[in-house]
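Engineer: As they're listed, the protein sequences go chains A and B.
Just so you know, the working numbering puts 103 at position 103 of the first sequence, and the rest follows in order with no gaps.
Remember, the working numbering sits 1000 above the position in the second sequence when you count from 1.
All residues carry an ideal CB built from backbone N, CA and C; glycine is no exception.
Number of protein chains: 2
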Amino acid sequence: MRILRTIKQMSAFSRNARLRGKSIGFVPTMGALHEGHLSLIRQAVRDNDLAVVSIFVNPAQFGPKEDLKIYPRNLARDARSCRIEGVDAIFYPEARQIYPKNYKTYVTVEGLGNHLCGSSRPGHFRGVATVVAKLFNIVQPSVAYFGQKDAQQSAIIKRMAEDLNMPLEVKILPTVREAGGLALSSRNSYLSAKERIEAVILSRSLSFAEYLVKNGLKDADRVVSAMKQLIRKKSRAKIDYISIVDRETLMPLKKISGSCLIVLAAWIGKTRLIDNTVVKA
Amino acid sequence: MRILRTIKQMSAFSRNARLRGKSIGFVPTMGALHEGHLSLIRQAVRDNDLAVVSIFVNPAQFGPKEDLKIYPRNLARDARSCRIEGVDAIFYPEARQIYPKNYKTYVTVEGLGNHLCGSSRPGHFRGVATVVAKLFNIVQPSVAYFGQKDAQQSAIIKRMAEDLNMPLEVKILPTVREAGGLALSSRNSYLSAKERIEAVILSRSLSFAEYLVKNGLKDADRVVSAMKQLIRKKSRAKIDYISIVDRETLMPLKKISGSCLIVLAAWIGKTRLIDNTVVKA
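This is how it looks when you write it as structure tokens:
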């Protein structure tokens, strides 16, 4: 496995692969790899001739008061995990390579990025879309893999790739959870032991919503209210949002019909966590 | 020569070419091809294994009161020109293919697109950057060719390709002019015989500026004033802007030193024309 630290090295690797007719599976990450990432990496290795993982904590997607500086970083550990999974190359650039002085170009997906997580994280999804567009151009993958855990991010990237006619496929794989239900996230490492137990309420509220919908409750507002009530009763989590939305457009729905997405974000102490589930009515 | 009307056909053509290791030279146009376009096409044919020309009058780069509806269109004539020059494929999509319902993704190059032509054409360069990003992804060229005539557009596309790490080279070729100096433009067809003579003042004002700079005038404001005076004295052209700017950042300069760009836009009757020249001091 190679660790490529420059855009030039990564581009050469990809150009060479494409010339030899090899398919590239690509998993863009911010490192701090957990089983969620590894499930994407395994799929990339399985589906393609070559697998590339990028590790880049993208400054453009962090707000000025967010956790850019303390975001967990551990290249040695991540590289070990990638090697075990059969990854062919890690792309590990420095920020000044990705955003050189006088950097000016941004990609925005209108309407999908301003609400939900976009409300409390202005500019976040512009940063995500931009860095992913750049990484796609550098790595030139055949297939790129993202997690359903980041539902809004996944919808935005899928839409960007389609809208801009990017010559690749975007695959979204299921959220990986701890035994108790907590969705895996690099930010779980911020939680104290007590908070980690408290955080389980988020996935429990989603299971509760699934149960309500399965039993005939179709009114989105009433489902959301019931979830909020449960979370408030059972925890000290501060809810940022809970919303039931269309899976592709992420537009809020009044009535649950067909296949919808329930998305939420909440603060457990000083840690902001997100989770979501698909419900079918 | 093939005329490909769908994204699917164009992508298949390009994928096939790339798999066979063939380089693609690409000239994106809005049709109504003139000698300026043909100079780009000739270079694309000369430099590459295959040459592709796109003809697409891009709605996203026209303002609501602009000339989208009357913009000259003549596929038969353009196809004939392309065939003569040895073009391998014309990409000729319909607008609803490029911008399907619910289209949402836009590319912006900050700072380069809001002044000069961007002031009187808000959104124009966002539309240009977006469609060119899309065309690059569909055609997957090795080299793309643009004209120096559209100086701001060329600077923006060069910057976008670099910023987003697009795997291609952007080449800017010199403006082609009529014998009298008028820069070739598809919009020249809007001019009456009398206006066409009047329009020559634009290139003459640029030559005059070159003369002034060559003779030691380095103060940008004074050069611009002299140009304005000449144009007002010799014509009824309505000046939109005249500005002396950095060639890459397009930021206005106070002093002319090294290699700078003099850019202008003016109305000749109901037709808005642009022109520019590089001066060296």
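Could you give the first and the last residue of the continuous alpha helix (DSSP H) run that contains R121 (chain A)?
Structural biologist: Taken as a continuous stretch (DSSP letters only), R121 (chain A) belongs to no alpha helix (DSSP H), as it is neither H nor E.
Engineer: Residues of the region 1092 to 1111 of chain B with a CB closer than 8 Å to any CB of chain A: list them in chain order, please.
Structural biologist: N1102, Y1103, K1104, T1105, Y1106, V1107, T1108, V1109, E1110, G1111
Engineer: Using the beta-carbon count (16 or more within 10 Å), is N276 (chain A) buried or exposed?
Structural biologist: The Cβ neighbour count for N276 (chain A), taken over all protein chains shown within 10 Å, is at least 16; the residue is labelled buried.
Engineer: L40 (chain A) CB to nearest chain B CB: under 9 Å?
Structural biologist: no
Engineer: Could you pull out every unbroken beta strand (DSSP E) segment of at least 3 residues lying fully inside the region 55 to 121 of chain A, listed in chain order?
Structural biologist: 89 to 91, 105 to 109
Engineer: Starting from the C-beta of K218 (chain A), find all residues in its chain whose C-beta is less than 8 Å away, skip the five residues before and the five after it, and write them out in chain order.
Structural biologist: K255, I256, S257, A281
Engineer: Does any residue of chain B bring its CB to less than 9 Å from the CB of K134 (chain A)?
Structural biologist: Output row for K134 (chain A): interface = yes.
Engineer: Given a cut-off of 9 Å, decide if M166 (chain A) and F136 (chain A) are closer than it, judged by their beta-carbon atoms.
Structural biologist: yes
Engineer: In this structure, does DSSP put G1147 (chain B) in helix, strand or coil?
Structural biologist: Residue state, collapsed to three classes: strand.
Engineer: Tell me which residues share the same chain as L68 (chain A) and place their Cβ nearer than 8 Å to its Cβ, disregarding the 5 neighbours each side in the sequence.
Structural biologist: If we look at L68 (chain A) and ignore the five residues flanking it on each side, its Cβ neighbours are V57, P59, F62.
Engineer: Along the chain, which unbroken stretches of the alpha helix (DSSP H) at least 4 residues long are found entirely within the region 148 to 195 of chain A?
Structural biologist: Correct list: 151 to 163.
Engineer: Helix, strand or coil for L4 (chain A), going by three-state DSSP, please let me know.
Structural biologist: strand
Engineer: Please tell me whether T249 (chain A) has its Cβ less than 9 Å away from any Cβ of chain B.
Structural biologist: yes
Engineer: Between which two residues does the alpha helix (DSSP H) holding D1049 (chain B) run?
Structural biologist: Counting along the chain, D1049 (chain B) falls outside any alpha helix (DSSP H), and DSSP gives it neither H nor E.
Engineer: Less than 9 Å between CB atoms is the rule here; does P1141 (chain B) satisfy it with respect to chain A?
Structural biologist: It does not: the Cβ of P1141 (chain B) has no partner Cβ on chain A nearer than 9 Å.
Engineer: What does DSSP give as the partner residue(s) for V263 (chain A) in the beta ladder?
Structural biologist: Looking at the DSSP output, V263 (chain A) bridges to A:S243, A:N276.
Engineer: Within the 9 Å Cβ cut-off, does P978 (chain B) reach chain A?
Structural biologist: This structure cannot speak to residue 978 (chain B), because chain B is shown only from 1001 to 1281.
Engineer: Give me the Cα-Cα distance between R46 (chain A) and E1066 (chain B), rounded to the nearest whole angstrom.
Structural biologist: Between the alpha carbons of R46 (chain A) and E1066 (chain B) lies a gap of roughly 52 Å.
Engineer: With a threshold of 7 Å on Cβ separation, who are the neighbours of V200 (chain A) within its own chain once the five nearest residues in sequence on each side are excluded?
Structural biologist: Beyond the five residues adjoining it in sequence on each side, V200 (chain A) comes within less than 7 Å, by CB distance, of G180, G181, L182 in the same chain, given in chain order.
Engineer: So, under 8 Å CB-CB, S243 (chain A) and V224 (chain A) are touching, yes? Tell me the CB distance rounded to an integer number of Å.
Structural biologist: Yes, S243 (chain A) and V224 (chain A) are in contact; Cβ-Cβ is about 7 Å, under 8 Å.
Engineer: Along chain A, in chain order, which residues have C-beta atoms closer than 8 Å to that of S1011 (chain B)?
Structural biologist: N165, P167
Engineer: When the Cβ atoms of the region 1107 to 1114 of chain B are set against those of the region 1124 to 1133 of chain B, are three or more pairs found closer than 8 Å?
Structural biologist: When Cβ pairs closer than 8 Å are counted between the two stretches, the region 1107 to 1114 of chain B is seen to touch the region 1124 to 1133 of chain B, the count reaching three or more.
Engineer: Can you grab the Cα-Cα spacing for the pair G21 (chain A) / R1020 (chain B), in whole Å?
Structural biologist: 10 Å
Engineer: Is it the case that the CB of R236 (chain A) approaches a heavy atom of the ligand ADP more closely than 8 Å?
Structural biologist: Inclusion of the ligand ADP in the displayed structure is not the case, the ligand content being empty and no account of it being possible.
Engineer: Does the beta carbon of L1019 (chain B) sit closer than 9 Å to a beta carbon anywhere in chain A?
Structural biologist: yes
Engineer: Measure from the C-beta of N1137 (chain B) to each C-beta in chain E and report whether the shortest distance is under 9 Å.
Structural biologist: Among the protein chains of the structure shown, namely A and B, there is no chain E.
Engineer: For L1038 (chain B), I'd like the list of residues in its chain whose CB is within less than 7 Å of its CB, leaving aside the five on either flank, ordered along the chain.
Structural biologist: S1081, E1085
Engineer: Less than 7 Å between C-beta atoms, sequence neighbours within five positions excluded: which residues of the same chain meet that for S259 (chain A)?
Structural biologist: Non-local C-beta neighbours of S259 (chain A) in its own chain, meaning closer than 7 Å and more than five positions away in sequence, comprise R247, V278, K280, ordered along the chain.
Engineer: Counting only runs that start and end within the region 209 to 235 of chain A, where is the alpha helix (DSSP H) found for 4 or more residues in a row?
Structural biologist: 220 to 234
Engineer: What does I7 (chain A) touch in chain B if you count any residue whose Cβ is under 8 Å from its own?
Structural biologist: N1165
Engineer: Could you give the residue range of the beta strand (DSSP E) that holds I1024 (chain B)?
Structural biologist: 1024 to 1029
Engineer: Give me the Cα-Cα distance between S11 (chain A) and Q1097 (chain B), rounded to the nearest whole angstrom.
Structural biologist: Spanning the two alpha carbons is a distance of roughly 30 Å.
Engineer: Nearest chain A C-beta to M1227 (chain B) closer than 9 Å, yes or no?
Structural biologist: no
Engineer: Using the beta-carbon of each residue, which ones in chain B are nearer than 8 Å to R159 (chain A)?
Structural biologist: K1104, T1105
Engineer: Between the beta-carbon of I1007 (chain B) and the beta-carbon of I1138 (chain B), is there less than 9 Å?
Structural biologist: The answer is yes: Cβ separation under 9 Å.
Engineer: On a Cα-Cα basis, can you pick out the residue from B:N1114, B:K1134, B:D1088 that is closest to A1095 (chain B)?
Structural biologist: B:K1134
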